[in-house]
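Below: one structure, written as C-alpha cells.
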Amino acid sequence: MAFIPHTDEDIRSMLRAIGAPSVEALFDEIPANLRAKELEKIPPALNEMSIGRLMQARAAQDGRLLNFIGAGAYEHHIPAAVWSIITRGEIYSAYTPYQAEASQGTLQTIYEFQTMIASLTGMDVSNASMYDGASALAEACLMAVRAHRTSKSMRILMPANVHPIYRSCVAAITESQHIKLETIAVERDSGRVDRQALQAHAGSDVTALVIAQPNFFGVLDDVDALVDWAHTQNIMVIAIVNPTSLSILKPPGRWGTKGADIVVGEGQPLGVPLASGGPYFGFMTTRQEYVRQMPGRIVGRTVDLDGKSGFALTLQAREQHIRRGKATSNICTNQGLLMSAATIYLSILGPEGLARVAKHSLAKANALRQRLATIGIKPVFNATHFHECLYRLPVPASKLIASMAQSGIAAGFDVASVAPEWSNTLLVATTETKTDEDLNQYVQVLAQSLKSMGV
Amino acid sequence: MSTVIDGLHYTQSHEWVRLESDGTVTVGISDHAQHALGDLVFVEVPAVGRALTAGEACAVVESVKAASDVYSPLAGTVTASNEGLANASEAVNQDPYGNGWLWRMSVADPSAVSALLSADQYRAELAKLGE
Chain A
217 MAFIPHTDED
227 IRSMLRAIGA
237 PSVEALFDEI
247 PANLRAKELE
257 KIPPALNEMS
267 IGRLMQARAA
277 QDGRLLNFIG
287 AGAYEHHIPA
297 AVWSIITRGE
307 IYSAYTPYQA
317 EASQGTLQTI
327 YEFQTMIASL
337 TGMDVSNASM
347 YDGASALAEA
357 CLMAVRAHRT
367 SKSMRILMPA
377 NVHPIYRSCV
387 AAITESQHIK
397 LETIAVERDS
407 GRVDRQALQA
417 HAGSDVTALV
427 IAQPNFFGVL
437 DDVDALVDWA
447 HTQNIMVIAI
457 VNPTSLSILK
467 PPGRWGTKGA
477 DIVVGEGQPL
487 GVPLASGGPY
497 FGFMTTRQEY
507 VRQMPGRIVG
517 RTVDLDGKSG
527 FALTLQAREQ
537 HIRRGKATSN
547 ICTNQGLLMS
557 AATIYLSILG
567 PEGLARVAKH
577 SLAKANALRQ
587 RLATIGIKPV
597 FNATHFHECL
607 YRLPVPASKL
617 IASMAQSGIA
627 AGFDVASVAP
637 EWSNTLLVAT
647 TETKTDEDLN
657 QYVQVLAQSL
667 KSMGV
Chain B
18 MSTVIDGLHY
28 TQSHEWVRLE
38 SDGTVTVGIS
48 DHAQHALGDL
58 VFVEVPAVGR
68 ALTAGEACAV
78 VESVKAASDV
88 YSPLAGTVTA
98 SNEGLANASE
108 AVNQDPYGNG
118 WLWRMSVADP
128 SAVSALLSAD
138 QYRAELAKLG
148 E
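Order-wise, the sequence lines are chains A and B.
Going by my numbering, the first sequence opens with residue 217, and the numbers climb by one from there.
Going by my numbering, the second sequence opens with residue 18, and the numbers climb by one from there.
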C-alpha cells in the first residue's frame with residue numbers, strides 16, 4: 217500500500233465532485249490574517265546524496281566531546297547486545313499490538329520490566345512505562361490528587377532541588393487541573409530540603425510531598441525523616457529516583473516507616489543512549505492499594521483454560537479506550553521500545569552488575585571531587601553526593617563551558633541557564649565511562665581555561 | 018427480566034434508594050445495572066463524611082469490561098460505606114438490594130426521596146429499554 221493518500225488526479229476528481237475550484241478555495245472561510253504563512257526559511261529540496269553529505273557535515277560540528285553533562289540523563293556503557301537485540305525486526309516496535317494477548321512475547325517483556333522496576337524501587341506494582349521522567353512526575357502528582365482519601369487541597373509541596381525542567385513540566389501539565397505547586401526552599405549550605413520551610417506546612421491540608429533522591433544537585437537527603445514527617449502530616453510521598461542509584465541506595469519502598477507512596481524516575485540510564493531531546497522513557501511504581509489510580513497499563517500473569525502460564529493486559533477498564541474522559545490518563549503503550557531496551561540491559565547486568573555501575577560511577581565522582589579540590593574548585597554543598605556534584609566557579613559557567621569545549625570537553629550543565637539564582641555554578645556528572653586519564657584531562661583543561669580567562 | 022423491589026426508590030441511572038427508619042437512606046445499584054455490567058471485579062465506595070450533591074459521581078463499579086460511575090441520587094452526607102465490597106465485589110452481582118449496598122447517607126431534603134422513581138415507574142423505564 218502506498219503511503220501517498222491522494223494523487224493530483226485524485227484531488228482534481230474530488231474537487232470536481234464537490235464543485236470546488238481548488239483546495240485553497242476550501243479554506244476561504246478562514247480570515248487571511250489567521251492563516252499560517254509559508255515556511256520562508258526552508259530551503260529547496262535536496263537529493264538523497266546531497267542531504268546525506270549536509271547532515272554528516274552538520275553532525276561533525278558537534279564533535280565527539282568527552283562528556284561530563286548529566287542533569288537528568290547519564291552516559292553509561294550499554295552492552296552491544298542490548299541494541300542488537302532491540303533492533304531485530306520482531307521486536308523493533310514501540311507499540312503493544314491491538315490484540316495484545318496475541319503477542320505473548322511483548323506482554324512477557326513488559327511483565328519482566330514491571331517486575332524488575334518494582335523490585336528495584338521496592339514497591340508492589342509498576343506500570344508498563346511513561347513518556348519520560350518529567351511527565352512521569354506530573355502523572356504522579358495527578359495520581360496523588362486522585363488517590364488521597366481525605367485531602368481536598370490539591371496542594372503539592374515541590375522542593376527547589378527537584379530538576380527545574382521537571383518542575384516546569386509538572387506546572388504545564390497540572391496547572392489547568394487547579395493543582396497548586398508550592399515551592400519548598402533548599403538549604404543553601406547542604407542542598408537538602410529546608411526543614412523549617414517544610415515545617416511551615418505542618419497541620420495544613422497538603423496532598424503530596426515530592427522528594428528527589430539524589431536531587432537535581434546530586435545530593436542525598438535524609439529521606440527516612442522526610443517520609444515519616446509527611447506521613448504523620450497525612451501527606452502522600454512521591455519519590456523521584458535515579459534507577460542506577462537504587463542498586464546501592466535504600467529503595468523508596470523502604471524509606472521511613474511506611475515507604476514512599478508513588479515512585480517515578482527517568483529510565484534513560486538503563487540502556488538508552490544519550491540524545492538531544494530523547495526519546496527517553498519514564499517509570500512509575502506504587503503500592504497495591506493505589507493500583508487503580510495508577511496511569512498506564514499493567515500486564516498480569518495468569519493461566520489459560522489448559523492451566524498453561526500466560527500474560528494478559530489487566531486493569532484495562534481504567535484506560536481511555538474504555539473509560540474515555542474519566543480515564544486515569546491518556547497514556548498507554550508509550551515508550552515500549554526503550555522499555556524493552558531497559559529490560560534487556562537489566563537482565564544482562566543483573567543486580568550485581570548494576571551495583572558495579574553505580575559504585576564505579578560514585579568512585580569516579582569522588583575522585584574528580586578530590587582532584588578539583590587541588591586546583592581550588594569546591595562543591596557548592598557540604599553533603600553526601602551520588603555521581604553528580606554542583607561546583608562553585610569563579611566565572612559564569614557558560615564561559616567555562618565554551619572554553620573547555622574548545623579542548624574537546626563537555627564540562628557540565630550550566631544550572632543558571634534554567635535557574636538563574638545558581639549563577640557561577642557548574643553541575644558535573646561522572647559515570648563509569650570515565651577513565652582516570654579522562655578525569656586528569658578534565659582537571660587540567662579546567663585549570664587552563666580559568667587561567668586563560670585571567671582567573 | 019431483572020428484579021425490581023417494591024417499596025424502594027429508583028433513578029434513571031439505575032441506582033436504588035431505601036429510606037431507613039432513622040431517616041437516612043441506603044444506596045445501591047439495581048439488578049438491571051449489575052446484570053448489564055457483568056461480573057464486578059472492584060467496587061470503590063465514597064468515604065464516610067463526604068458531602069454529596071444530587072447527581073454527583075461518587076462510587077465506581079468496575080467489571081472486566083468497563084468501569085462505570087455511580088451517581089448520588091440525593092444531596093447529603095455519607096454516614097457509612099460498604100467497605101467489605103473491596104474484597105467481595107461479587108456481592109453486588111449476587112445480592113444487589115442486600116449485601117451489595119454501596120453507601121448510606123443522611124439526606125439534606127427528605128422530600129427529595131419521594132421525587133425519585135417508584136418501583137412501578139422504574140419498571141416502566143426498564144420496559145422502554147426493552148426489558
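Cβ coordinates follow ideal geometry from the N, Cα and C atoms, glycine included.
State the DSSP-derived secondary structure class of A/P380, mapped to helix, strand or coil. helix
CA-to-CA distance, A/P468 to A/F284, given in whole angstroms: 27 Å
Who are the neighbours of A/A621 on chain B, taking C-beta pairs under 8 Å? Chain B residues near A/A621: none, gap ~53 Å exceeds 8 Å.
According to DSSP, which residues form a beta bridge with B/S85? B/V78
Exposure label - A/K368; buried when at least 16 CB within 10 Å: exposed
Going by C-alpha distance, which of A/T460, A/D410 and A/M510 is nearest A/Y561? A/T460
Could you tell me which of A/S614, A/F499 and A/T559 sits nearest to A/L353, measuring between CA atoms? A/F499
Leaving out the 5 sequence neighbours to the left and right, which residues in its chain are closer than 6 Å to A/A349 when beta-carbon positions are compared? Looking at the sequence shown, residue 349 of chain A is not Ala but Gly. The answer, listed in chain order, is G481, E482 and G498.
I need the straight-line Cα distance from A/A446 to A/V453, nearest angstrom please. 7 Å
Is DSSP giving A/I427 helix, strand or coil here? strand
Under a CB-based cut-off of 8 Å, is B/E32 close to chain A? no
Return the bridge partner residues of B/M158 from the DSSP annotation. Nothing about residue 158 of chain B can be read from this structure; chain B reaches only from 18 to 148.
If you draw a straight line from the C-alpha of A/N598 to the C-alpha of A/L336, how long is it? 28 Å
Please list the partners that A/R539 has in chain B, where partner means a Cβ-to-Cβ separation under 8 Å. A83 and A84
Between which two residues does the beta strand (DSSP E) containing A/T501 stretch? G498 to T502
In three-state terms, what does DSSP make of A/F629? strand
Give me the chain A residues within the contact set of B/S47, using Cβ-Cβ distance strictly less than 8 Å, ordered along the chain. By Cβ distance, chain A contributes nothing, its closest Cβ being about 20 Å from B/S47, past 8 Å.
Quick one: grab the DSSP three-state call for B/E107. helix
Are three or more beta carbon pairs between the segment 28 to 43 of chain B and the segment 130 to 143 of chain B nearer than 8 Å? yes
If you follow the alpha helix (DSSP H) that A/F329 is part of, which residue opens it and which one closes it? Q320 to T337
What runs of the beta strand (DSSP E), each 3 residues or longer, lie entirely inside the segment 224 to 297 of chain A? none
Residues bridged to A/S525 [DSSP beta-bridge criterion]: A/V519
Contact between the segment 120 to 136 of chain B and the segment 96 to 103 of chain B: three or more CB pairs below 8 Å? yes
Where does A/V611 fall in DSSP's three states? coil
Cβ separation of A/M555 and A/A401, assumed to be a contact under 8 Å, to the nearest whole Å: Their Cβ separation, rounded to whole angstroms, is 36 Å, which puts A/M555 and A/A401 out of contact at 8 Å.
Taking only beta-carbon atoms, is A/R508 less than 8 Å away from chain B? yes
Kindly list the residues whose CB is nearer than 6 Å to the CB of A/Y212, restricted to its own chain and excluding five residues on each side of it in sequence; keep chain order. Lying before the first or after the last residue shown, residue 212 of chain A is absent from chain A, which here runs from 217 to 671.
Should A/P430 be labelled buried (16 or more other beta-carbon atoms within 10 Å of its own) or exposed? buried
Could you check whether the segment 499 to 509 of chain A touches the segment 373 to 382 of chain A, counting it as contact only if at least three pairs of C-beta atoms, one from each stretch, sit closer than 8 Å? no
Buried or exposed for A/Q664, going by 16 or more other Cβ atoms inside 10 Å? exposed
Output yes if chain A places a C-beta closer than 8 Å to the C-beta of B/E107; else output no. no
On a CA-only basis, which of B/D39, B/H52 and B/T41 is nearest B/P113? Give me that one, please. B/H52
Let's see if you can read the secondary structure: which residues bound the beta strand (DSSP E) around B/V34? E32 to L36
For B/V44 and A/T678, the rounded distance between their alpha carbons: Any answer about residue 678 of chain A is impossible in this case: the structure gives chain A only from 217 up to 671.
For A/I593, which residues of its own chain have a beta-carbon under 6 Å away from its beta-carbon, when the five flanking residues on both sides are left out? Y607
Taking C-alpha atoms, which residue in A/A316, A/Q315, A/A626 and A/T322 lies nearest to A/Y308? A/T322
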